[in-house]
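Presented below is the structure to which this report refers.
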Amino acid sequence: MRSFIALEFEDELKENLVNIQNKIKENSLKGTWTHEDNFHLTLKFLGEIDENSTIDIDKVLEKTCKNHSPINLTFSDLGYFKGERDLRVLWLGTKGDLDKVNALYEEIENEMYYLGFQKENRAFKPHITLGRRVVLNKDFSKIKDIISEDLNYDFTLKKITLMKSEEIMKKRVYTPIKTYNLKKIDHR
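Using the UniProt record's numbering, you'd call the opening residue of the sequence shown number 1 and step up by one each time.
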């Protein structure tokens, strides 16, 4: 099964993302938009795994969550990864406890490497995918202005999830395999 590890979002955060997404849709000619249930922040794409691998992954994620506390973030900016004729991926960046996000990413990346998964060869850039193959009908800077007020939103990520990714009726569907609470207590 095709799988990945992600920071999972609460419903209120998902609703906020849909609101931002809708404002962008109103100013777009076309695009494939991330479904509300599929919003997340990817920590590690695993690719195809078998049922036996999930046992080892489960042990690693249980242990990893004990080393990390919930993460406080806010939206930072709207960005994109460019395609040939469109915005291949339209995303929201984050700011806040990025040191915590990066530490969690590094631990998962290293632990998965020990389980036989390849290390990512691109720099980790935490982002939330809003849409793919988006064509805007306004200048990108105007779209950024339209959603600028909505970026002042603080949220806390409290759990990571091992997700299954499958295509059902030509739609990408993410199904939680198991969820893990970030458990470490910060002593400040």
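Glycine is no exception: its CB is placed at the ideal position from the N, C-alpha and C atoms.
No experiment lies behind these values; they were computed from the predicted model shown.
- Under the DSSP assignment, residue 34 falls outside any beta strand (DSSP E); it carries neither an H nor an E label.
- Around the beta carbon of residue 75, 16 or more other beta carbons sit within 10 angstroms, so the residue counts as buried.
- Here DSSP, grouped into helix, strand and coil, assigns residue 112 to helix.
- Counting other Cβ atoms within 10 Å of its Cβ, residue 86 reaches 16 or more and is therefore classed as buried.
- Residue 106 holds the alpha-carbon nearest to the alpha-carbon of residue 68 among 94, 55 and 106.
- Nearest C-alpha to residue 18 among 128, 168, 175 and 159: 128.
- Check the Cα spacing between residue 139 and each of 24, 58, 60 and 172: the tightest is with 24.
- Boundaries of the beta strand (DSSP E) around residue 167: 159-168.
- In this model, residue 70 and residue 9 are separated by some 12 Å (Cα to Cα).
- If you draw a straight line from the Cα of residue 57 to the Cα of residue 7, it is about 15 Å long.
- The continuous alpha helix (DSSP H) containing residue 62 extends over residues 51-66.
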